[in-house]
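Enquirer: Taking my numbering, I'd label the letters of the sequence shown as residues 227 to 543. Below is a structure I'd like to ask you about.
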Amino acid sequence: MSHTINHLRSLRLQRSELAVPGSNPEMIDKAASSMADFVFLDIEDAVAPPDKERARKNIIQALNDIDWRAKGKTVSVRINGLDTHYMYRDLIDVMEQAGDRLDTILVPKVGVPADLYMVEALVSQIETAKGFATKVGLEALIETALGMANVEAIAAFPGRLEALHFGVADYAASCKARTVSIGGLNPDYPGDQWHAALSRMTVACRAYGLRAIDGPFGDFSDPEAYIASARRAAALGIEGKWAIHPSQIALANEVFSPQPKEVARARKILQVLKEAEEQGKGAASLDGKMIDAASERMARNVIAMQEAIESQSAEAA
């Protein structure tokens, strides 16, 4: 290992992330009682310009009225982009009126590290002025060509940044990509045209201790395609995916949860390697396959995810 090691900055269970428009209070109430690990209340793309002020007020009320943590939910707010005149009021109103009830802020269309610096500076000042004991994290949406071109520098941004999300729809538009649906595959492309972008973002996340989250899949009438998309993301090391419809929550939870056989094997790997170590061996054999220190690290990833799931379930009980 390099002497430079960036440990995970913040551990949060984020298998499923339910996107909820702030303009719909009924949907917000339902989201709080859903099975989603993570809920983000949206003031950006899911809200039409005439409704943004009302959506902002709805979100502030929901943050204050609902005990999200007691329901086992991590709650986030997606503010409007830095290139809009809505952003500053989103950030100031939400933080000043409900900043101590909020877990993270999702910053859309991050293109350069300075975008995060602006948000972090304001958040820090508001927390200090209000005397909040809690500290709100930041998450960045990588959804433009500029953001992907700078993804390593964005991931290296210090401070509150916890996770990067891949926003496939705006990314497709930014790259002028031909696509058939949000997150869907173009049959003219030999494979998954989002693979390279997802892989690059995931590597940047892991290099700098961030969570890697896949974004939306638009056709919620096609669960099999959603599952396939989620499985491709999971194979790369991504730990969760958005749900733009409640029906997608269970699908994400299933795909991004280790299966019982996987957990049992991970525990067996640790046991066998411990026995080998006691015998002065650095490697061992399990079911006819060699296992070593790298196997142990992979096994511990599985067990850490399982323990996080069990811990959240116990807190919500």
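Virtual Cβ for every residue (Gly too), placed ideally from N, Cα, C.
Output the residue ranges of the alpha helix (DSSP H) runs that lie fully inside the region 230 to 269 and measure 4 residues or longer, sorted by chain position.
Expert: Qualifying alpha helix (DSSP H) stretches, in chain order: 251 to 258.
Enquirer: Check whether the region 496 to 506 and the region 448 to 461 touch, using three or more Cβ-Cβ pairs below 8 Å as the test.
Expert: Output reads no: the region 448 to 461 does not touch the region 496 to 506.
Enquirer: CB-CB under 6 Å to Met261, same chain, minus the five flanking residues each way: which ones, in chain order?
Expert: Here the question's residue 261 lines up with position 35 in the sequence shown. Hits under 6 Å: Ile475.
Enquirer: Please confirm if the region 343 to 361 is in contact with the region 399 to 417, defined as three or more CB-CB distances below 8 Å between the two stretches.
Expert: No: the two stretches stay apart, fewer than three of their Cβ pairs being nearer than 8 Å.
Enquirer: For Asp518, which residues of its own chain have a beta-carbon under 7 Å away from its beta-carbon, when the five flanking residues on both sides are left out?
Expert: Sequence index remark: in the sequence shown, residue 518 carries index 292 (1-based). For Asp518, where only same-chain residues beyond five positions count, the Cβ hits under 7 Å are Gly508, Ala509.
Enquirer: Below 8 Å, how does it come out for the region 378 to 388 and the region 341 to 355: are there three or more Cβ pairs, yes or no?
Expert: Contact holds: three or more Cβ-Cβ distances are below 8 Å.
Enquirer: Classify Gly325 as helix, strand or coil using the three-state DSSP reduction.
Expert: Start at 1 with the first residue of the sequence shown, and residue 325 comes out as number 99. The answer is helix: DSSP assigns Gly325 an H, G or I state.
Enquirer: Consult DSSP for Ile470 and reduce its assignment to one of helix, strand or coil.
Expert: Looking up residue 470 in the sequence shown gives position 244. In this structure, Ile470 counts as coil in the three-state DSSP scheme.
Enquirer: With which residues is Arg437 paired in a DSSP beta bridge?
Expert: For the purposes of this step, residue 437 is identified with residue 211 of the sequence shown, where counting begins at 1. DSSP, once it has assigned bridges, lists Ala389 as partnering Arg437.
Enquirer: Can you grab the Cα-Cα spacing for the pair Thr370 / Ser483, in whole Å?
Expert: On the sequence shown, position 144 is the one that residue 370 refers to. On the sequence shown, position 257 is the one that residue 483 refers to. Straight-line Cα distance between these residues: approximately 29 Å.
Enquirer: Take Leu308 and list the residues in its own chain whose beta-carbon comes closer than 7 Å to its own, dropping the five residues that flank it on each side.
Expert: Indexing the sequence shown from 1 puts residue 308 at position 82. Same-chain partners within the cutoff: Asp341, Met344.
Enquirer: Measuring only between beta-carbons, confirm whether Arg282 sits less than 7 Å from chain D.
Expert: Among the chains in the structure shown there is no chain D, since it carries only a single protein chain.
Enquirer: Along the chain, where does the beta strand (DSSP E) that runs through Ile517 open and close?
Expert: Start at 1 with the first residue of the sequence shown, and residue 517 comes out as number 291. Element bounds for Ile517: 515 to 517.
Enquirer: Bridge partners of Thr300, per DSSP?
Expert: Here residue 300 refers to the residue found at position 74 of the sequence shown. Partner(s): Phe264.
Enquirer: Please report the Cβ distance between Leu367 and Leu332, rounded to the nearest whole angstrom; I am assuming they are in contact, meaning their Cβ atoms lie under 8 Å.
Expert: Along the sequence shown, read from residue 1 onward, the residue named residue 367 stands at position 141. Along the sequence shown, read from residue 1 onward, the residue named residue 332 stands at position 106. About 6 Å; that satisfies the 8 Å criterion.
Enquirer: Quick one: grab the DSSP three-state call for Ile408.
Expert: As a first step, residue 408 must be located in the sequence shown, where it is residue number 182. Ile408 falls in the coil class under three-state DSSP.
Enquirer: Would you kindly check if the distance between the Cβ of Ala281 and the Cβ of Ser249 is under 7 Å?
Expert: In the sequence shown, the residue the question calls residue 249 occupies position 23. In the sequence shown, the residue the question calls residue 281 occupies position 55. Their beta carbons are under 7 Å apart, which means Ser249 touches Ala281 by this criterion.
Enquirer: Is the beta carbon of Thr302 less than 7 Å from the beta carbon of Phe266?
Expert: Residue numbering aside, residue 302 sits at position 76 when the sequence shown is read from its first letter. Residue numbering aside, residue 266 sits at position 40 when the sequence shown is read from its first letter. The sequence shown places Ser at residue 302, not Thr. A contact, by the Cβ cut-off of 7 Å.
Enquirer: Quick check: the Cα distance between Arg235 and Thr405, rounded to an integer number of angstroms?
Expert: Within the sequence shown, residue 235 is the residue found at index 9, counting from 1. Within the sequence shown, residue 405 is the residue found at index 179, counting from 1. If you take the alpha carbons of Arg235 and Thr405, they lie about 34 Å apart.
Enquirer: If you drop the 5 nearest sequence neighbours on each side, which residues of the same chain put their C-beta closer than 7 Å to that of Ile285?
Expert: One-based indexing of the sequence shown puts residue 285 at position 59. These residues qualify, in order along the chain: Gly248, Leu267, Ile269, Val303, Val320.
Enquirer: Could you give the C-beta distance for Ile464 and Ala389, rounded to a whole number, given that I count them as a contact under 8 Å?
Expert: Walking along the sequence shown from the start, residue 464 turns up at place 238. Walking along the sequence shown from the start, residue 389 turns up at place 163. Contact flag wrong, Cβ pair sits at about 11 Å.
Enquirer: Kindly indicate the opening and closing residues of the alpha helix (DSSP H) around Ile178.
Expert: Residue 178 lies beyond the range of the chain shown here (227 to 543); nothing can be said about it.
Enquirer: For Val333, report the span of its beta strand (DSSP E) as first-last.
Expert: Taking the first residue of the sequence shown as position 1, residue 333 is located at position 107. 330 to 333 is the extent of the beta strand (DSSP E) around Val333.
Enquirer: Could you round the C-beta distance between Ala272 and Ala245 to whole angstroms and report it? I think they count as a contact, below 8 Å.
Expert: Residue 272 sits at position 46 when you count from the first residue of the sequence shown. Residue 245 sits at position 19 when you count from the first residue of the sequence shown. 7 Å between Cβ atoms; contact.
Enquirer: Using the Cα positions of Ile535 and Leu239, report the straight-line distance between them to the nearest angstrom.
Expert: In the sequence shown, residue 535 corresponds to position 309, counting from 1. In the sequence shown, residue 239 corresponds to position 13, counting from 1. Taking the straight line joining both Cα atoms gives about 7 Å.
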